[in-house]
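In what follows, a structure is listed as structure tokens, so that the remarks can point back to it.
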Amino acid sequence: MSEKGAQALKELLEGDRGVFTAGERITGQGPSVELICPATGEALGSLSEASSEQVDTVVAAARAAFSSGTWAQDGPHRSAVLRRLADLVDAHAEEIAYLDAVEAGKVFVGSVEEDVPDVSGNLRFYADLITQSEGRFLQDATGWGWVRKVPVGVVGAVLPWNYPIAMLGWKVAPALAAGNAIVLKPSEDSTLSALFFAGLATEAGVPDGILNVLTGGGPSVGQAMGLHPDIDALTFTGSGEVGRAFLEYSARSNLKKVSLELGGRAGYIIDEEHASDFEGIAADVVGAAFGTSGQNCTASSRVIFVGDNDERFGQFRDALVAAAREITVGDPLAEETVMGPVINAEARDRITRWVEEAVSKGASVVFATPEVPQQGNWCPPTVLQDVPADSELGRGEVFGPVTQLVRVSSREEAVSAINDEPYGLASTVWCEDLKQAKWWTDQVRVGTLAINGYSEGTIATPFGGLRQSGFWGRDNGPEALDAYQEAMTVWVAQGLGPPREVNPGQEARSGTREELA
Ligand code: NAD
């Protein structure tokens with residue numbers, strides 16, 4: 021139990037002020053939304069969502085702040101503010117992690133050690149990058165000019181609930197560094213850490229109106245943002261279905277730029293011929309499949325074993341079961357907890373239904389944690405085998421603590437299992453032979469390929485998906501800064517300078533027009 025966290029929760033719920041704009045929190049004028057703790061099923065309190073009129077007012081405040089201030093013009097100033105904000109985020113790691121634990125079921129220790137440093141690291145990364153980011157200078161016989169990188173303007177960000185503060189950092193840090201104003205809508209299942217962060221932003225010196233937060237649901241506030249005529253770009257992380265809706269909103273409104281980070285169905289390939297330490301690999305698979313209760317777009321929901329050697333396969337399966345047995349499931353605030361609940365009752369029921377359907381169609385259960393808490397939204401960590409292709413688990417994104425063992429005879433079959441999917445976000449290959457590893461990198465078509473250990477890369481590497489896992493732009497890396505900037509060409513015609521020679525290279529001649537002709 022964190023006293024600081026509990027105090028932050030109390031203050032955020034006091035007075036029903038879930039809309040942050042112009043540097044303060046105000047009361048939403050829309051319907052009230054109950055915030056439920058996924059670990060217990062109990063209500064934490066409620067916040068009223070923003071009304072459509074408030075969405076307009078907040079976007080107008082963002083536009084005014086963007087247009088009137090020096091924020092967009094002064095990169096070094098923004099850099100200094102982002103650095104202060106990074107320090108404040110680190111100083112308040114406990115409160116942020118607590119809020120994500122009680123509202124979204126995130127494991128507290130994991131948030132303190134990974135998610136919060138990811139946010140502050142992101143802020144510092146773009147604080148550095150923006151001071152080094154210049155345009156290009158060019159000249160030719162007709163003039164000279166430069167290609168400037170200018171902010172897009174007002175950026176809308178619609179976020180998921182699975183990594184509330186980390187996903188916020190991925191969007192906010194590059195968008196602010198680039199000089200934009202931002203209107204954020206966290207998921208209705210994870211609002212509080214965004215509101216807390218907004219307070220820190222003001223404390224760090226982010227000007228009023230530059231960072232705004234709207235509490236609200238998708239079909240109400242999210243849609244109003246997607247259709248808004250004065251939001252210039254919309255960055256979204258979430259499901260494919262809603263991502264497609266954002267493309268439609270854009271087409272129906274002002275053709276705002278839309279960047280989508282969508283779902284995945286990652287495969288974890290074990291190239292048996294080049295894999296020796298099954299215990300180590302199994303421990304890595306467990307982290308990749310069950311971290312954040314499997315509610316991760318890069319979660320290894322398929323473990324693809326390449327090779328026909330039954331004995332070796334049996335050894336790996338035993339190692340996987342032994343590693344999965346080590347997962348401590350329980351209270352996200354407890355120090356020993358490795359895996360918490362799933363986000364809500366709807367998710368719990370869907371995941372359970374998908375497992376039952378697969379089993380009824382012939383899948384076998386290799387492992388399932390015998391006991392999970394009864395109250396709240398819990399699913400046991402589960403490993404299945406022989407999941408039929410015509411089941412929901414055989415084709416969909418489970419987004420829960422369930423993985424399946426898949427056996428293939430050849431590397432080519434494993435490549436097809438990845439490349440023939442509509443998703444192309446991430447995969448891992450375990451292959452200790454470097455020459456062979458290079459072959460895998462040439463064959464597998466995904467946004468992030470991890471070799472010899474599950475990874476999403478770092479703050480400095482771009483993250484995003486191929487095929488239906490993403491659309492335009494990337495999170496992280498210099499690529500994300502680009503996504504929040506426009507290239508603007510400034511061209512200074514030579515004619516505005518000293519008089520131009522008509523026939524360069526020829527000696528100047530004098531005489532009448534007729535004599536010169
Ligand atoms: P979701 O698509 O249901 O919701 C995401 C956001 O969209 C929420 O803020 C929600 O309120 C809003 N929304 C919902 N319906 C809307 C509508 N009709 N119009 C406008 N906005 C709407 O996704 P989720 O359940 O929050 O997150 C899970 C999904 O996110 C998974 O598919 C997962 O793979 C994906 N995800 C992807 C990445 C990535 O980087 N590629 C990262 C995390 C999660």
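Read left to right, the sequence shown gives residues 21 to 537 (the working numbering).
Cβ coordinates follow ideal geometry from the N, Cα and C atoms, glycine included.
*asked:* Cutting at 8 Å between CB atoms, please list the residues of its own chain near I347, excluding the five before and the five after it.
replied: V306, F310, V358, M359, T389, P401
*Helix, strand or coil: which one does DSSP assign to R494?*
coil
*Is R368 near N397, with beta carbons less than 7 Å apart?*
yes
*asked:* Could you tell me which whole beta strand (DSSP E) segments of length 3 or greater appear in the stretch 429-471?
replied: 446-450, 468-471
*Near Q159, what residues of its chain come up, given a Cβ to Cβ distance below 8 Å and the 5 sequence neighbours on each side ignored?*
G165
*Thinking C-beta only, is L413 closer than 7 Å to W374?*
yes
*For P171, which residues from the same chain have a beta carbon less than 8 Å from its beta carbon, with the 5 sequence-adjacent residues on both sides left out?*
F86, A92, A198, G199, N200, Y504, Q505, E506
*P171, DSSP secondary structure in three states*: strand
*Proximity test, N182 beta-carbon vs the ligand NAD heavy atom, cut-off 6 Å*: yes
*Between which two residues does the alpha helix (DSSP H) harbouring F145 extend?*
136-152
*Can you tell me the Cβ-Cβ gap for K205 and L234, rounded? I've got them flagged as a contact below 8 Å.*
5 Å
*Look at the alpha carbon of T387 and the alpha carbon of V323, and state the distance between them as a whole number of angstroms.*
Contrary to the premise, residue 387 reads as Phe rather than Thr in this sequence. When rounded, the distance between both Cα atoms is 14 Å.
_Between the stretch 53-65 and the stretch 143-155, can you find at least three pairs of beta-carbon atoms closer than 8 Å?_
no
*Reducing DSSP to helix, strand and coil, say where S530 ends up.*
For S530, the pLDDT reaches just 49, beneath the cut-off of 50, and the residue's location in the model is therefore unreliable, although a value from the coordinates is still provided. In this structure, S530 counts as coil in the three-state DSSP scheme.
*Does the ligand NAD have a heavy atom nearer than 6 Å to the CB of G539?*
The structure shown does not extend to residue 539, since the chain is modelled only from 21 through 537, so no value can be given for it.
*Which two residues bound the contiguous beta strand (DSSP E) that contains F266?*
Careful: F266 lies outside any beta strand (DSSP E), inside the alpha helix (DSSP H) at 260-272.
*With a cut-off of 8 Å on the beta carbons, I'd call Y183 and G284 a contact; round off their distance for me.*
Wrong, their Cβ atoms sit about 14 Å apart, outside the cutoff.
*Looking at L282 and G260, is the spacing between their C-beta atoms short of 7 Å?*
yes
*Spatial neighbours of Q315 in its chain, beta-carbon cut-off 6 Å, leaving aside the 5 residues before and after*: N182, F419
*asked:* For P180, count the other beta carbons within 10 Å of its own beta carbon; 16 or more makes it buried, fewer makes it exposed. Which is it?
replied: buried
_Please give me, in chain order, every unbroken run of the alpha helix (DSSP H) with length at least 4 that falls completely inside the stretch 362-423._
365-380, 412-415
_Assuming contact is defined by CB atoms lying nearer than 7 Å, are G25 and E123 in contact in what I supplied?_
no
*Determine the extent of the alpha helix (DSSP H) in which V75 is found, giving its start and end residues.*
72-88
*Can C4 be considered in contact with the ligand NAD, in the sense that its beta carbon sits closer than 6 Å to one or more heavy atoms?*
Since the first and last residues shown for the chain are 21 and 537, residue 4 lies out of range.
_I want to check one thing, is the minimum distance from the CB of Q488 to the heavy atoms of the ligand NAD below 6 Å?_
no
*What residues are listed by DSSP as bridge partners for D160?*
G163
*Would you say E441 touches the ligand NAD, meaning its beta carbon is less than 6 Å from a heavy atom?*
no
*asked:* Nearest by alpha-carbon distance to S411: which of E376, L445, V392 is it?
replied: E376
*asked:* For the ligand NAD, I want to know if Q243 counts as a neighbour, meaning its beta carbon is within less than 6 Å of at least one of the ligand's heavy atoms.
replied: yes
*Does the distance from the C-beta atom of R494 to that of P482 stay below 7 Å?*
yes
*Is it a yes or a no for the stretch 102-109 touching the stretch 138-147, going by three-plus beta-carbon pairs under 8 Å?*
yes
*In DSSP terms, what K277 is bridged to*: A253
*Would you check whether the ligand NAD has a heavy atom nearer than 6 Å to the C-beta of A81?*
no
*Assign E54 to one of two classes, buried (16 or more other C-beta atoms within 10 Å of its C-beta) or exposed (fewer than that).*
exposed
*Flag this pair as yes or no: are the beta carbons of A42 and D228 separated by less than 7 Å?*
yes
_Outcome for P352 when other beta-carbon atoms lying within 10 angstroms are tallied against a minimum of 16_ = buried
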